[in-house]
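A.B. asks:
Residue numbers (the UniProt record's numbering): 1 to 55.
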C-alpha cells in the first residue's frame, strides 16, 4: 500500500526559520529559530523528505 505524507517540520533556506506542524491547532508553529521577520520564506520541504511511502 502507498501512503502520501505531509511534512511535519520545515526550515527556511533563506533565513533559517524553523517551524513544526501542530496537530492540535492544525497550524505551523515557530520553533526556537524565528529567523528574519521580513523574509519571504523559501521552505526546504523537498530536501530529504519523501512524501510517498511504500509499505
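Cβ coordinates follow ideal geometry from the N, Cα and C atoms, glycine included.
Since residue 22 is in the beta strand (DSSP E), which residue starts that stretch and which ends it?
C.D. replies: 18-22
A.B. asks: Rounded to whole angstroms, what is the Cα-Cα separation between residue 38 and residue 13?
C.D. replies: 14 angstroms
A.B. asks: Would you kindly check if the distance between the Cβ of residue 36 and the Cβ of residue 15 is under 7 angstroms?
C.D. replies: The answer is yes: Cβ separation under 7 angstroms.
A.B. asks: Three-state secondary structure (DSSP) at residue 8?
C.D. replies: coil
A.B. asks: Can you tell me where the beta strand (DSSP E) with residue 53 in it begins and where it stops?
C.D. replies: 52-54
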